[in-house]
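A short worksheet on the structure shown next.
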Amino acid sequence: MREAGWSRELTGTLVAAACAVGVLPMLVSTYTLTVLVIYGMLGLSLGLVWGFGGILCFGQAAFFGLGAYTYAIAAINIGESTVPMLLAVAIPAGFAALLGAMLFYGRLTDVYLGVITLVVTLILHRFMNATAGSDYVIGNARLGGFNGIPGFQTLNVPGHPASYVWGDSLYYFCAACLLLVYLLVSALLRSSFGRIAVGIRENETRAALMGYDVPARKTVMFTAGAAIAGLAGALFANWAEIVTPRLFSLGQSADIIIWCIVGGLGTRIGPVLGAAGLSYLKFLLGQQGLIHNSVVSGAILVLFVLFLPGGIAPVLANAWRSVTQRRPRRRSPRRRGPRSSLASGDA
Amino acid sequence: MDFILVIVVEVLYAIGALVLISAGLAVIFGMMRVINLAHGEFMMLGGYATITAVDLGVNVFLAMLVLAPAVVGVLGLVVERLVIRHLYGRLIDTMLATWGLSLLFVGIVTMVFGNTTTGISTPIPGFALGDYQVNGYNFFIVLVAAALLFLMLAVLRSTRSGLIARGTMQHADMAASLGYNPDRIYMLTFACGSALSGLAGAVLAPLVGLVPTSGGAYIAKAFITVIAGGPALIAGLASSAGVFGLINQIFSFAVSPVVGEVALLVAAVVLLRLLPRGITDRLFRESL
Amino acid sequence: MPETVLETQGLTMRFGGVLAVAQVDFRLASHELRCLIGPNGAGKSTFFKCITGLLQPTEGQIFMRGRETTRWPAHQVASRGVGTKTQVPSVMDGLSVFENIWLAARRFLPPQAATRKADETITRLALGPIARGSPGRLAHGERQHVELGMVMAGDPWLVLLDEPAAGMTGGDVERLTEIVEEFTRTAAVVVVEHDMQFIRSIARIVTVFHRGAVLLEGHVDAVLADPAVRSVYLGQAA
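Residue numbers (the numbering used here), protein chains in the order written: chain A, 8 to 354; chain B, 77 to 364; chain C, 691 to 928.
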C-alpha cells in the first residue's frame with residue numbers, strides 16, 4: 008500500500024516535471040529558467056528545514072553563498088568541476104553541522120535561533136565584503152571583497168575539463184538536479200526519520216520523552232537543508248559565472264523566507280513554486296523602473312502573513328481536490344503512512 | 077596618556093551608540109516581546125526625517141531630538157494599528173511581517189530619495205586632545221545615551237504610565253480587569269519604542285552616510301544587545317552595551333574596524349551560548 | 691525482597707531561592723504501583739521531571755535498575771524504557787493519533803513491527819474511531835488516553851503518570867484504572883494524582899509529599915487516616 012502510493016507519486020512527479028521542463032522553454036528563455044530552477048532548489052532547502060523540521064533559519068543564504076564561494080574557489084584551484092561541485096555540497100553541510108550542533112545542543116528557542124542564524128549570515132557578509140586586499144587569498148583564488156570572484160572554471164562533463172555544460176544543457180542539468188533533490192526530500196520525509204522530524208516539529212518535549220535525541224535529529228535536518236542550499240549555490244555560481252558577497256546578504260535570506268511563506272510551509276512543492284514564481288515576478292519588475300523591488304517583496308510578505316499565512320500550495324491543493332474528487336472514488340482505508348502530515352505536500 | 081584618554085572616549089562613544097541603537101528595541105522587544113525586524117528601518121527613517129527637516133531650514137537639534145522621534149513615533153502608531161496588533165502572541169509571524177515592513181520601507185525610501193548617500197555635517201566641531209583629533213559629537217552621543225537611560229528608568233519606575241505599561245506587558249488580563257485598556261497601552265508602548273528608534277537614527281545620522289539600506293547595519297547589533305541584556309530592561313541594556321562596546325573598540329583599535337564589528341557579533345553568539353537568557357538573568361536580577 | 695528499579699538519594703531541586711524538592715529519598719520496587727499525593731505545590735511534578743530528565747536536579751542522585759541516571763537528558767532516560775505522561779497532555783497535534791502512537795513504538799521497533807504495535811495499542815485502548823484524526827480537536831480526557839497509548843506503545847518497564855485522571859469522566863476513570871493495573875503486570879508504576887477516589891481504587895502504598903519533602907509513606911488507608919496528612923490537606927483547603 009505504502010509502496011504503491013510512493014510509486015504512483017513518483018510517476019506523477021516525473022511526468023509533471025518532464026512536462027514543465029519541456030514546455031517552459033517555449034515561454035521563457037532557458038537562461039532565465041535556469042536561475043528560477045536554482046532558486047526553486049534553494050526554496051526547497053528552507054522548505055525542508057523550516058516547513059518539516061520546524062527550524063526557522065534566517066540565514067539560509069549563508070549556506071547558499073558558502074556553496075557558491077566554495078565552488079568558485081575550488082574551481083580556480085582545481086580546474087575541473089567535479090570535485091568543486093562535491094565540495095560545494097560538503098562544506099556548507101559541514102558548517103551547518105557545526106553551527107547546528109552548537110545551537111541545538113544549547114537548546115536555544117526559535118527566536119534566538121532566528122537571530123543567531125541572522126547574525127552568522129551578517130558576519131559572513133561583512134567578512135566577504137572586507138576581503139578586497141591581496142592578503143585574502145585561498146590557493147590561487149583571490150576573494151576579491153565587494154567585487155567577488157569572477158573567471159573560474161564552470162561546469163564541465165566529468166573528466167573532460169574542455170567540454171563545458173552551459174546554456175540549454177545547464178538548464179536541463181539544473182532541472183535534473185532539482186528533480187533528484189525533490190525526490191530525495193520526498194523519500195526522506197516518507198522515511199521514519201522524516202516522520203520523527205515532523206513529530207519533533209510538533210512537540211519537542213514529547214519527542215524527547217519518547218526517547219528521540221531531539222538536538223541530534225535537528226542538527227541532521229539542518230545539515231541536509233544546508234547541503235541542498237550549497238548545491239543550489241554551486242549551480243548559481245555556474246550560471247552567473249561570478250560570485251559576490253551579495254549572495255550572503257540579508258535580502259537574499261529574506262527572499263528565501265518569502266518564497267516559503269508564499270508557496271506554503273509544510274509542503275514540498277510550495278517553496279519551489281514560490282521561489283520560481285516570485286523570482287520571475289521580480290525579474291519582470293526589474294525591467295520597469297517605477298516600483299522598487301523591495302516594495303513588492305515587502306508588501307507580499309506582510310500581506311501573506313496577515314491574510315494567507317498557509318501560503319498558496321494548500322489553496323491550490325484544495326482546489327485540485329475539489330476538481331478531482333467530484334466523482335467519488337473508492338479507496339481502501341490507509342493503514343499507515345504519514346498522510347495527514349504530508350497530505351498538503353501532495354499538491 | 078592622551079592615547080588612553082582617546083580610547084576611553086571611543087569606548088564610551090561605542091557604548092553610548094549601542095544604547096541608542098538598542099533602546100527602542102528594548103521597549104518593543106524587551107517589554108512587549110514583539111520582534112521588530114523593521115527596527116533598523118525605523119532608525120533609518122529617523123535619519124531621513126532629520127536630514128529633510130534640516131534641508132528645509134529647521135534647527136538641527138530640534139530636528140533630531142523632537143521632530144524625528146515624533147515622525148517615527150506616529151509611523152509606529154500606524155504600523156501597530158495596521159499590522160502588529162493582529163499578530164500579538166505570534167512571534168514568528170510578527171518577525172516575518174516586520175521583515176516585510178522593513179523591505180517595504182527600504183523600497184519606498186529608495187523610490188523617494190534615490191539610492192544615493194545623503195548626510196548632514198556634525199553640528200559640534202571636533203577638537204584636539206594632545207596629538208589626537210577627537211570628534212566632539214561623540215560626547216553628545218554619550219550624553220544623549222546617558223540621558224535616555226535615566227529618562228527610561230525614571231518613566232518606568234516612577235510614573236503612573238510606566239507602571240501601567242509594565243503591568244500590562246506582564247499580565248494583560250489583570251490590567252484589563254483593573255480598568256486599563258491593554259489594546260491602547262500596547263499601541264502607545266509600541267509608538268514610544270518607535271519614537272526612541274527614530275531618535276536614535278536621527279542622533280546617529282550625522283556620523284554616517286545615510287542610504288535607504290542603512291537600517292541593516294543596526295538591526296543585528298540592536299537585537300544582540302537587547303537579547304544579551306536579558307530580562308532587566310535598563311540594567312540589561314546598559315550592561316550588554318557596555319560589554320559589546322568595549323569588545324568592539326578593543327578589536328577596532330588592535331586590528332581594524334571590520335574585525336571590531338565581527339568580534340562584536342562573534343562575542344554575541346558566544347555570550348548567548350553561555351548565558352542563553354542574557355546577562356541580567358544571572359546578574360542584577362532584581363533591577364529594572 | 692523484590693528488586694529496586696528506581697531509587698533517589700537526597701534528590702534536591704532549587705529554583706533560585708525556592709526549594710521545590712528537598713532531600714527526597716525514594717525507592718520503588720519492580721512491578722510496584724505507587725501513588726504520590728500532596729497538596730498543590732508540594733513538589734510532586736518537579737520530582738517527576740527530575741527523574742525523567744526534563745529538569746536537572748540541583749543535588750542528589752537517581753538510580754534506575756542499579757545504574758545512575760542523574761542528569762541524563764530526557765531522551766536517554768526514555769530510551770532506557772521509561773514511559774512518561776506529563777501533567778498537561780503532551781501530544782503532537784499536527785499528526786494523527788495513529789502517527790503519535792506509531793512514533794512512540796518506532797523508537798524501539800522497526801517500522802513494520804511499530805505499525806503492528808500501534809494498531810494493537812489502539813485496539814487495546816479502544817481509540818479506533820479517533821485514530822485517523824488529529825488529537826488537537828479531542829477532549830482533554832481523550833487526549834489523556836492518546837498519551838497513555840504513547841506510553842504503552844514503548845513497552846516501558848517504568849511508567850510515570852502525572853495526573854492521568856484529570857479531565858476524565860466516570861467511565862474514563864474506570865478504564866484508566868484497568869490500564870494502570872495492566873501496566874503493573876509488566877512495569878513499575880508511579881502515579882501523581884489528586885483524585886482521591888481514583889487513588890483509593892488503585893493504590894496500595896502511598897507517598898505523601900509536603901513542601902518538597904516526603905511527609906509520610908505507607909498503606910493507603912493508614913496514610914489517609916493519618917492526622918498529619920489530613921491537616922496538610924485541610925490546611926490547604928482552609
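Just so it is clear, CB atoms sit at the ideal spot from N, CA and C, and this is done for glycine as well. Here the structure is a predicted model, which means the values were calculated and not measured.
Query, Result
"Distance, Cα to Cα, T265 of chain B vs L272 of chain B?", "11 Å"
"Go ahead and label P157 of chain A buried or exposed: buried means 16 or more other beta carbons lie within 10 angstroms of its beta carbon, across all protein chains shown.", "exposed"
"For the candidate residues C:G750, C:M782, C:E871, C:E758, whose alpha-carbon lies nearest to that of P825 of chain C?", "C:M782"
"Which of helix, strand or coil does DSSP assign to V172 of chain A?", "coil"
"Return no unless some Cβ of chain C is closer than 8 Å to the Cβ of D220 of chain A.", "yes"
"Assuming G149 of chain B contacts S270 of chain B (C-beta within less than 8 Å), just tell me the rounded distance between them.", "5 Å"
"Is A144 of chain B helix, strand or coil by DSSP?", "helix"
"Using the rule of at least 16 other Cβ atoms within 10 Å of the residue's Cβ for burial, across every protein chain shown, is R338 of chain A buried or exposed?", "Only weak support exists for where R338 of chain A lies, its pLDDT of 45 falling under 50; the coordinates are left without a value."
"Closer than 8 Å is the cut-off here; do at least three beta carbon pairs connect the region 703–714 of chain C with the region 890–906 of chain C?", "yes"
"Does DSSP put V370 of chain B in a helix, in a strand, or in coil?", "Given that chain B is displayed from residue 77 to residue 364, the structure contains no residue 370 of chain B and the question cannot be resolved."
"Using a Cβ-Cβ cutoff of less than 7 Å, which residues in the same chain neighbour A317 of chain A once the five nearest sequence positions on both sides are dropped?", "Note that residue 317 of chain A corresponds to Gly in the displayed sequence, not to Ala. Same-chain partners within the cutoff: G271."
"What residue does the beta strand (DSSP E) around G700 of chain C start on, and which one ends it?", "694–705"
"Find the residues of chain C that neighbour I62 of chain A, judging by a C-beta separation of less than 8 Å, and give them in chain order.", "Under the 8 Å cutoff, chain C gives no residues; its nearest Cβ is about 15 Å from I62 of chain A."
"Could you list the residues in the region 186–208 of chain A with a C-beta less than 8 Å from some C-beta on chain C, going in chain order?", "S199, R202, I203, V205, G206, R208"
"Going residue by residue through the region 824–890 of chain C, where are the continuous alpha helix (DSSP H) segments of at least 4 residues, counting only ones entirely within it?", "830–843, 860–876"
"Distance, Cα to Cα, S84 of chain B vs A223 of chain B?", "Here residue 84 of chain B turns out to be Val, not Ser, going by the sequence shown. Answer to the nearest angstrom: the Cα atoms are 19 Å apart."
"For the putative contact between D117 of chain A and I168 of chain B, defined by C-beta atoms under 8 Å, what is the C-beta separation to the nearest angstrom?", "6 Å"
"Which residues in chain A have a C-beta closer than 7 Å to the C-beta of E337 of chain B? List them in chain order.", "R133"
"Determine, for P801 of chain C, whether the minimum Cβ-Cβ distance to residues of chain A falls below 8 Å.", "yes"
"Is it a yes or a no for the region 213–220 of chain A touching the region 70–84 of chain A, going by three-plus beta-carbon pairs under 8 Å?", "no"
"For L885 of chain C, collect the residues of the same chain with a Cβ closer than 6 Å to its Cβ; drop the 5 residues on either side in sequence, then sort them by chain order.", "First, the residue type needs correcting, since residue 885 of chain C is Asp and not Leu in the sequence shown. Correct list, in chain order: A855."
"Could you tell me whether the region 92–105 of chain A touches the region 226–244 of chain A, where touching means 3 or more Cβ pairs closer than 8 Å?", "yes"
"In chain order, what residues of the same chain have a beta carbon less than 8 Å from the beta carbon of I307 of chain A, not counting five sequence neighbours either side?", "I265, V269, L285"
"Compare the C-beta of V144 of chain A with all C-beta atoms of chain B and state if any pair is closer than 8 Å.", "no"
"Leaving aside the five residues before and after T3 of chain A along the sequence, list all residues of the same chain whose C-beta is less than 6 Å from its C-beta, in chain order.", "Coverage of chain A is limited to positions 8 through 354, which leaves residue 3 of chain A absent and any answer about it impossible."
"DSSP has V714 of chain C in a bridge; who is on the other side?", "C:L701"
"Got a sec: is the Cβ-Cβ distance from S367 of chain B to anything in chain A below 8 Å?", "This structure cannot speak to residue 367 of chain B, because chain B is shown only from 77 to 364."
"Rounded to a whole number of angstroms, what is the C-alpha to C-alpha distance between G122 of chain B and L309 of chain B?", "23 Å"
"In the region 115–171 of chain A, which residue ranges form an unbroken beta strand (DSSP E) of at least 3 residues, counting only runs that do not cross its ends?", "167–171"
"Can you give me the Cβ contacts of L81 of chain B inside the same chain, cut-off strictly under 7 Å, excluding the 5 residues immediately before and after it?", "L205"
"Please decide whether S98 of chain B counts as near chain A, where near means a Cβ-Cβ distance under 8 Å.", "no"
"Would you mind telling me which residues of chain B sit closer than 7 Å to H299 of chain A, beta carbon to beta carbon, in chain order?", "G183, T186, M187"
"Would you call the region 109–116 of chain B in contact with the region 228–241 of chain B, where contact means no fewer than 3 C-beta pairs closer than 8 Å?", "no"
"Which same chain residues, not among the five before or five after F203 of chain B, have their C-beta less than 8 Å away from its C-beta?", "Q209, V210, G212"
"At what residue ranges does the region 62–101 of chain A contain a whole run of the beta strand (DSSP E), taking only runs of 3 or more?", "none"
"Let me check one thing: in DSSP terms, what residues is L286 of chain B bridge-paired to?", "B:T194"
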